[in-house]
Structure formats: structure tokens, C-alpha cells
Ligand code: 5GP
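Numbering (our numbering), first residue to last: 4 to 237.
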């Protein structure tokens, strides 16, 4: 894959596609946390995340969600629709954990009375701060109609993925989504993988996601491989 690089992020590289309507995204083996302060190369992570995300995106597309994925190119590369990434991350939480537990003093693992949706401003420089609707529209990151659409899509995606994982003995605790503008529509972009979700074993609550890396729990890729094994039914 020798296409010119357009952008290199912490865990992925975006290259020019064959035409003006596509990009190639290549998953890297780099693991980062705490806005890049903790960083390590984990050989094989890119391949695992690509495989997991591709399965989840295909499942969502089969269930009516518009996504950027055109086709899988190889173990770590995908062809996607060009889109203008909206600089608002959508976070969905089914169970208290991570930033939510810390910020609001709620014990990790506590059930929530309702599904939580949050927005954060996608900015490495600012450390992805939480941001509300009126702040987003005030600085022109997205319109209220776009936010309403992204939130509704995120909740539909939550229902689809939570059911998908439940069948594979995995609890979908929380996750982060990114959307892009593409030919007048808003489509799901980026990835859905153990880097961007919290996934717990439904019997033991064992963590199978990036918290293994963030919290030095060990065998990071063992968790990711377990997720892939379960969702491919192997
Ligand atoms: P928290 O706010 O608890 O740190 O994160 C909530 C969920 O969103 C977690 O599943 C976490 O992995 C995901 N998430 C939040 N921000 C980011 C981000 O900048 N990058 C990635 N890959 N995931 C994120």
C-alpha cells in the first residue's frame, strides 16, 4: 500500500484512495492512552482491531446503519468513503465506568437508570473535553439537527451492538463513536474496537478492552483476541 499519506493519527493512518471519493485507512500497532502520554507498540493490535471493527461495521450496515466502510483491502487496511469528520465524539454508556465513575463518584460497574449519551470535543490539543449541545452549536462544530441525528444513531447502534455482544457473552459497558459528513448525509466513521469500547466478560466482568493497557492489567492483546474469537464464533 504505497498511496500518499493524508493524515497520521495515534492508531491509524489515512491515505489517498484510488479516486476522489475514497480513502484508505490503515490500522497501526501503536497503543496510546491518556491523550498519548502512555504509548507502546503491541505487535498485532492493528490486525485484531481491524478484524473486530470490520465485523461490527458489517453487522451495523446489514441493520440499516450508514457507514464509511466500502470494503476490506487486507488484514490492516480498509477502503472507506471520503467524509468530513465531525469533531464531536459521541459516547454511550450502559454501565458506570472510566471517566464517568471518576467524574461523578459512581462506583465502576454500577447499573445506570438510563443510557447515558455524552459529547466530547475531538481535540488532542484540548484533551477531548466534554461539551454540551449549546457549546457545540455556539462554536460551529455541528448543527443541532446533526447532533440530534448522531445521538439517535448512537442509541440505535448501542441497541444493535449490545444485543450482538450479549449473544457472545460480552457486556457492552460503554463506547465512543465518530461520524462524518458525506454527500449530504451523516455516516458512521472511524472504528469500533476494544480500543474504543469497554467490553466485559458477562460472567466474570473480566475486562477484554483497552483498560488492560490503561491500567497495566497485562495481556492486552489476549483480551482483544478473545473478543475476536467470540464474535467470529471460533
Ligand atoms: P471514558 O470517558 O470513560 O474515558 O470513555 C468512555 C468510552 O469511550 C470508553 O469505552 C473509551 O474507550 C471510549 N473513548 C473515549 N474517548 C476516546 C478516544 O479519544 N479514543 C478512543 N479510541 N476511545 C475513546
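We put the beta carbon where it would ideally sit given N, CA and C, even for glycine. Keep in mind the model is a prediction, meaning the values are calculated, not measured.
{"Item": "Check for me: the beta strand (DSSP E) holding residue 117 runs from which residue to which?", "Value": "114-124"}
{"Item": "Beta carbon of residue 139, beta carbon of residue 91: below 8 Å?", "Value": "yes"}
{"Item": "If I measure Cβ to Cβ from residue 73 and keep anything under 8 Å in the same chain, skipping five residues before and after, which residues do I get?", "Value": "25, 81, 82, 83 and 84"}
{"Item": "Give me the residue from 51, 38, 164 and 172 with the minimum Cα distance to residue 225.", "Value": "51"}
{"Item": "Taking all protein chains shown into account, decide if residue 71 is buried (16 or more other Cβ within 10 angstroms of its Cβ) or exposed.", "Value": "buried"}
{"Item": "Assess contact between the segment 183-197 and the segment 60-69, defined as three or more Cβ pairs (one per stretch) separated by less than 8 Å. Is contact present?", "Value": "yes"}
{"Item": "Can you grab the Cα-Cα spacing for the pair residue 165 / residue 133, in whole Å?", "Value": "24 Å"}
{"Item": "Quick check on this structure: which residue in 53, 202 and 95 has the alpha carbon closest to the alpha carbon of residue 77?", "Value": "53"}
{"Item": "Run the proximity test for residue 15: is its beta-carbon closer than 7 Å to any non-hydrogen atom belonging to the ligand 5GP?", "Value": "no"}
{"Item": "For residue 91, list the residues DSSP reports as bridge partners.", "Value": "124"}
{"Item": "For residue 168, I'd like the list of residues in its chain whose CB is within less than 6 Å of its CB, leaving aside the five on either flank, ordered along the chain.", "Value": "175"}
{"Item": "If you draw a straight line from the C-alpha of residue 232 to the C-alpha of residue 211, how long is it?", "Value": "12 Å"}
{"Item": "Threshold first: 4 residues or longer. Then list the alpha helix (DSSP H) segments lying entirely within the segment 177-234, N to C.", "Value": "214-217 and 223-234"}
{"Item": "By how many angstroms is the C-alpha of residue 184 removed from the C-alpha of residue 152?", "Value": "12 Å"}
{"Item": "Under DSSP, the beta strand (DSSP E) around residue 142 begins and ends at which residues?", "Value": "Run containing residue 142: none; DSSP gives neither H nor E here."}
{"Item": "Using the C-alpha atoms, what's the distance from residue 237 back to residue 147?", "Value": "43 Å"}
{"Item": "Smallest Cα separation from residue 228: which of 207, 178 and 197?", "Value": "197"}
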